[in-house]
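As given, the protein sequences belong to chains A and B, one line each in that order. Per the numbering used here, the first sequence starts with residue 46, numbered consecutively. Per the numbering used here, the second sequence starts with residue 46, numbered consecutively. From the three backbone atoms N, C-alpha and C, an ideal C-beta is built for every residue, glycine too.
There are 2 protein chains.
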Amino acid sequence: MNLTVFSKRDLEEILGIIHDSTLCRSEPELMSLMVRVRDIVEADRSICGIGDKSGRMKILNESFPADWMQRYQDEVLSVSDPVVNYVMTFFKTCLWKDAVEVFPGKPYTELMGKASEHGLKYGVAGGVNGKTQNFGSVFSFSSVSDRFGGRQKKILDVVVPHLHQAIMRIASPGISKEKEIEPVVLSVREVEVLRWIKEGKTNWEISMILNISERTVKFHVHNITIKLNAVNKSHAIAIAMERGLLE
Amino acid sequence: MNLTVFSKRDLEEILGIIHDSTLCRSEPELMSLMVRVRDIVEADRSICGIGDKSGRMKILNESFPADWMQRYQDEVLSVSDPVVNYVMTFFKTCLWKDAVEVFPGKPYTELMGKASEHGLKYGVAGGVNGKTQNFGSVFSFSSVSDRFGGRQKKILDVVVPHLHQAIMRIASPGISKEKEIEPVVLSVREVEVLRWIKEGKTNWEISMILNISERTVKFHVHNITIKLNAVNKSHAIAIAMERGLLE
DNA sequence: TGTGAGCCTGTACTAAAGGACAGGTGTTAA
DNA sequence: TTAACACCTGTCCTTTAGTACAGGCTCACA
């Protein structure tokens with residue numbers, strides 16, 4: 046990472062933020078860190094959150110408009126938020142407009158339109174994944190004018206991993222607990238199907254082995270992915286093996 | 046399993062074969078068991094083997110024509126043998142004609158044509174998988190006329206698991222050893238890709254995360270499956286996790 | 001100065017997976 | 001007896017995965 050683009054003052058402030066992140070143990074402390082990052086990326090508003098894409102996100106709002114946040118929560122807009130999606134999928138820093146390019150669907154552009162109505166038009170965001178599946182944190186900074194580019198992304202690239210550690214300490218217990226302990230009960234047939242998937246069999250092959258239709262195999266696979274909170278077969282296998290569901 | 050279709054004599058012989066299977070410790074003993082099974086299913090010739098579909102099969106021939114076996118080995122015909130494919134894929138008993146129906150491709154029908162030239166036209170076969178991927182055993186019985194049906198399949202359903210145990214004792218050491226110990230060295234990039242597959246990411250998502258093209262992700266995935274001797278992603282994940290390649 | 005290994009990329013195609021929608025049976029326990 | 005649950009099946013459609021063929025660059029090592 047080439048850091049020569051930054052001035053000495055910038056570097057001092059960035060290092061300071063990182064250092065204070067290590068000491069951060071409370072929400073107000075995190076909020077004051079967000080203010081400092083907000084200032085150095087020249088943004089007007091900031092917000093952060095931790096959780097997953099499916100709406101189980103705990104949000105710590107520093108300066109996003111309250112009415113927008115209310116609407117965001119009421120209409121469960123996080124699922125169609127391209128920025129959240131981008132960050133929680135790729136765990137990379139992005140400009141808001143980059144995210145819209147990657148997720149060009151109608152619900153996404155609509156959401157960005159709604160956000161504009163609340164003065165949230167331009168922004169930059171970053172995040173880190175928390176080792177397990179789609180769980181991670183998002184840090185987003187917004188401004189009324191478009192002053193974001195490579196410089197802002199680079200700052201977030203450097204700072205966000207440390208902010209992530211901080212928000213994990215503060216907010217993750219409440220989120221992660223209820224998620225991990227969930228005991229999963231797979232039916233006999235589902236375990237059978239899963240074992241064969243593990244052996245690399247296709248749905249059709251499994252249908253031949255179990256003397257059922259391919260459609261039925263898909264049916265079981267679908268139920269398995271839902272029960273395991275997986276997104277596809279490979280993910281399901283990994284989760285099942287980690288939890289020892291195939292012994 | 047309904048066994049009332051069998052006569053008392055049949056049942057006695059089947060039970061006898063099963064019992065002697067448990068005592069079987071040498072190739073000649075196994076061959077004499079094959080003869081007894083051959084007789085009870087009213088076949089003319091028999092053969093068995095252990096290994097996988099990719100040609101690493103050890104064959105124990107009881108009474109298949111020697112010239113055919115030579116040709117089979119020289120032309121590596123096992124890969125286009127619908128019966129071997131059927132048994133090693135589904136680990137189920139089948140009539141030869143069933144296998145041709147399920148694998149209707151040109152190479153398969155061609156192989157069956159070649160076999161006919163050697164007097165091998167009708168048959169019945171069964172097999173069992175050896176817990177690991179596509180490794181298992183095949184027991185095949187042939188006749189010049191078509192006298193095979195439900196009765197023969199049922200006999201094999203009952204007998205084959207025990208023959209499998211016997212052939213495993215006799216022939217598996219030489220086969221399985223060289224296979225399991227194979228140390229796999231994955232490149233840094235390959236492990237990275239594998240980790241993200243484990244998280245359920247699609248190729249496209251991984252390409253975004255690693256800043257490479259989707260094509261390149263496919264390239265790595267392909268190399269991974271070859272190195273791990275897997276048939277697809279799910280299989281690769283299972284193998285990698287079992288061997289602790291992702292720690 | 002090759003040579004191999006790791007890494008990267010493209011086009012074009014087929015096979016497989018996955019999702020939406022709609023429905024079926026049989027068993028079991030309140 | 002109704003409700004819940006496991007299990008099963010179909011059609012239609014879109015998205016991903018996988019494969020074949022063809023080529024690129026860079027670095028280490030002999």
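Interface partners of residue i on chain B, CB under 7 Å
i, result
"E58/A", "Neighbours of E58/A on chain B: none; closest Cβ ~28 Å, over 7 Å."
Neighbour list for residue i in chain A, Cβ cutoff strictly below 7 Å
i, result
"G245/B", "Q178, A275, V276, N277, S279, H280"
"I242/B", "S279"
"M286/B", "A283, M286"
Delimiting residues of the alpha helix (DSSP H) encompassing residue i
i, result
"R234/B", "233–243"
"S123/A", "First-last for S123/A: undefined, no H or E at that position."
"G158/A", "151–162"
"G61/B", "53–68"
"T247/A", "Segment: none, T247/A is in no alpha helix (DSSP H) and carries neither H nor E."
"I282/B", "278–287"
"D84/A", "72–85"
"F193/A", "Taken as a continuous stretch (DSSP letters only), F193/A belongs to no alpha helix (DSSP H), as it is neither H nor E."
"V50/A", "No alpha helix (DSSP H) contains V50/A, which DSSP labels as neither H nor E."
"I269/B", "259–272"
Contact list for residue i against chain B, beta-carbon separation under 8 Å
i, result
"M253/A", "T134, F135, K137, V147"
"E72/A", "None at all; the shortest Cβ gap to chain B is about 29 Å."
Where the beta strand (DSSP E) through residue i begins and ends
i, result
"I92/A", "90–96"
"G172/A", "167–174"
"G181/A", "181–188"
Partner residues on chain A for residue i, Cβ-Cβ distance less than 8 Å
i, result
"E162/B", "Those within 8 Å of E162/B in chain A number zero; the least Cβ separation is about 29 Å."
Closest Cα partner of residue i within the set the options
i, options, result
"V236/A", "G172/A, K278/A, A211/A, S190/A", "K278/A"
"I95/B", "H267/B, E259/B, F264/B, F184/B", "F184/B"
"R101/A", "I92/A, S123/A, L156/A, F109/A", "S123/A"
"S161/A", "A283/A, S252/A, P110/A, S52/A", "P110/A"
"P149/B", "V229/B, V169/B, S125/B", "S125/B"
"S91/B", "N106/B, K98/B, D97/B", "N106/B"
"E259/B", "W249/B, I284/B, K159/B", "W249/B"
"V121/A", "L156/A, P206/A, D55/A", "L156/A"
"K151/A", "K137/A, P127/A, C139/A", "P127/A"
"M253/B", "L60/A, F135/A, L68/A, Y117/A", "F135/A"
"G245/A", "V276/B, R54/B, D55/B", "V276/B"
"D65/B", "I104/B, P206/B, C93/B", "P206/B"
"F51/B", "G289/B, R288/B, G195/B, I269/B", "G195/B"
Proximity of residue i and residue j at Cβ, strictly below 8 Å
i, j, result
"G291/A", "A281/A", "Residue 291/A is actually Leu in this sequence, not Gly. Against a cut-off of 8 Å, the Cβ pair of A281/A and L291/A comes out as no contact."
"V238/B", "V204/B", "no"
"G181/B", "V173/B", "yes"
"L78/B", "L208/B", "yes"
"M213/B", "G175/B", "yes"
"I62/A", "V80/A", "no"
"I200/A", "V86/A", "yes"
"D38/B", "Y153/B", "The structure shown does not extend to residue 38/B, since chain B is modelled only from 46 through 292, so no value can be given for it."
"V229/A", "Q197/A", "no"
"I251/B", "W241/B", "yes"
"I215/A", "E72/A", "yes"
"H267/B", "R234/B", "no"
"A285/A", "L75/A", "no"
"K243/A", "A283/B", "yes"
"D89/B", "S188/B", "yes"
"N130/B", "K98/B", "yes"
"L56/A", "L48/A", "yes"
"F186/B", "L140/B", "no"
"D143/B", "G171/B", "no"
Beta-bridge pairing of residue i - partner residues as DSSP gives them
i, result
"K103/A", "I95/A"
"V145/A", "Answer by DSSP bridge pairing: none, since V145/A is not bridged."
"L140/A", "V169/A"
Proximal residues of chain A, C-beta to C-beta of residue i below 9 Å
i, result
"E250/B", "T134, F135"
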